[in-house]
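Here the structure comes first, spelled out in structure tokens, and everything after it is commentary.
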Amino acid sequence: MKHHNLPVFVPFYGCPHRCVFCDQRSITGQADVWDADLVRQELERYAASVPEGDEAEIAFFGGTFTGIPRKAQQAYLDIAASFVRDGRAKGIRFSTRPDCLDGDTVDFLKGYPLSCVELGIQSLSDRVLQKIRRGHDAACAMDAMERLRKAGIPFAGQMMTGLPGSTPEDETETAQGIIRAGACEARIYPLVVFAGTDLERMCREGDYTPPGQQEMLRRTAAVLELFRQAGVKVLRIGLCENESLRNPGVAVDGAKESALGERVWSLVYQKRVEAEMARRGPVTGPGQWVIEVPRGAESKVSGQKKENRMRWESAYPGVRVRIRGLYPPDSDRLTVRFEAEQKKQ
Ligand code: SF4
């Protein structure tokens, strides 16, 4: 069964704060749908295109959903809920900021069939939150997650790596905090420096230098591994690739490399496979390592330009590497075994 998002772009009313990394252009550039009737028409159109047997989820994108006027939230959610009630969607998701999620808002949301509220946590270090001028502290983020958990509303934690003032320890503690709070999903955004942001000015004035590519990769992989071990599904690593990200005049520094998410997954697989190989003890060729992974993960295991595969083949001369997609795509299983080649009599 395939999953489809039925996307609705909510209007951006602006934030009371301006995070230093915020690229206003990418927010205001969205095609906003203001009118509730237009939302219904859009959803009708998308829902009609979902093949029978597939599942659909309504996703409000593009703004701080609970920051828009309550009347608009209610109008949107009432329409979306009608699609869930008649079976055309399995639930509703949207993203918001922790400081736009007080007790009254959570009580209001409880009445709707929400499949996930995505919370922009970014960091659970007060020092980092202050540096990025997020406008709230870590306790506010923890309280928002606790309110959702108590209300039985599933939530995702969105966090960033490489933020100003952030250390690898801050990032692992942020991931651990999100896990402990009960998130069922996560998104990890390695920091990108966009032109025209306060962050770009900080870079120019020498107040901030983004981590190098390899370090960003390692730090993001460390966080991904924590979520993976905790069974928290990571929906995405890095921003969606679009023209802004590819334009060196727009994305000026940081994690603007394409296929970054794939590379982070490859690093996590590299470490997992090597731990299994080490557990197996010394092997000598001829023979082959057989690595069995979820279907669809083969290229991540092999690595970009097959770098993992080549690394293993050069570490074990005379030993081939075979990667098989064996397990269901949403499984986390990985098995590594060595098959010695039978000597001919
Ligand atoms: S919360 Fe999001 S939209 Fe608001 S300033 Fe920060 S990054 Fe920009």
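The working numbering numbers the first residue of the sequence shown as 21 and each following residue consecutively.
Glycine is no exception: its CB is placed at the ideal position from the N, C-alpha and C atoms.
Glu166 is the residue among Leu259, Tyr336, Arg38 and Glu166 whose C-alpha sits nearest the C-alpha of alanine 203. The count of Cβ pairs closer than 8 Å, one atom from the region 273-287 and one from the region 238-257, reaches three, so the stretches are in contact. Shown here for tyrosine 228: same chain residues with a beta carbon closer than 6 Å to its own, the five before and five after excluded, namely Pro184 and Met222 in chain order. The alpha-carbon of glycine 172 is positioned some 14 Å away from that of arginine 113.
Between ligand 1 and the CB of cysteine 42, the shortest heavy atom gap is smaller than 7 Å.
Closest in alpha carbon position to valine 137, among Asp106, Ser319, Gln178 and Ser351, is Gln178. Taking each of Arg200, Thr187, Phe128 and Pro89 in turn and checking the Cα distance to proline 210, the smallest one comes out for Thr187.
For the alpha helix (DSSP H) assignment, the uninterrupted runs of no fewer than 4 residues enclosed by the region 263-351 are, from N- to C-terminal side, 263-266, 280-300, 318-322 and 327-335. Distances from the CB of arginine 117 to the heavy atoms of ligand 1 include at least one below 7 Å. By the 16-neighbour rule on beta-carbons within 10 angstroms, alanine 100 is buried. By the beta-carbon neighbour count (other beta carbons within 10 angstroms, threshold 16), arginine 344 is exposed. In this structure, glycine 258 has its beta carbon at no less than 7 Å from each heavy atom of ligand 1. Remark: the C-beta of arginine 207 is outside contact range of ligand 1, defined as less than 7 Å to any heavy atom. Each residue's CA atom was taken as its position, placing alanine 271 and alanine 215 some 6 Å apart. Looking at Pro174, Thr192 and Arg117, the one whose alpha-carbon comes closest to that of glycine 155 is Arg117. For the pair of segments examined, the region 345-361 was found to touch the region 314-328: the number of CB pairs separated by less than 8 Å reaches three. Between ligand 1 and the CB of arginine 221, the shortest heavy atom gap is not smaller than 7 Å.
Under the three-state reduction of DSSP, proline 210 is assigned to strand. Sixteen is the threshold: since fewer than 16 other Cβ atoms of the shown chains lie within 10 Å of the Cβ of serine 102, the residue is exposed.
The beta carbon of serine 115 sits closer than 6 Å to the beta carbons of Glu138 from its chain, once the five residues preceding and following it are set aside; these are given in chain order. Beta-bridge partners assigned by DSSP to valine 254: Ala206.
With respect to the C-alpha of leucine 63, the residue from Glu261, His24 and His37 having the closest C-alpha is His24. DSSP places arginine 167 inside the alpha helix (DSSP H), whose first and last residues are 158-171.
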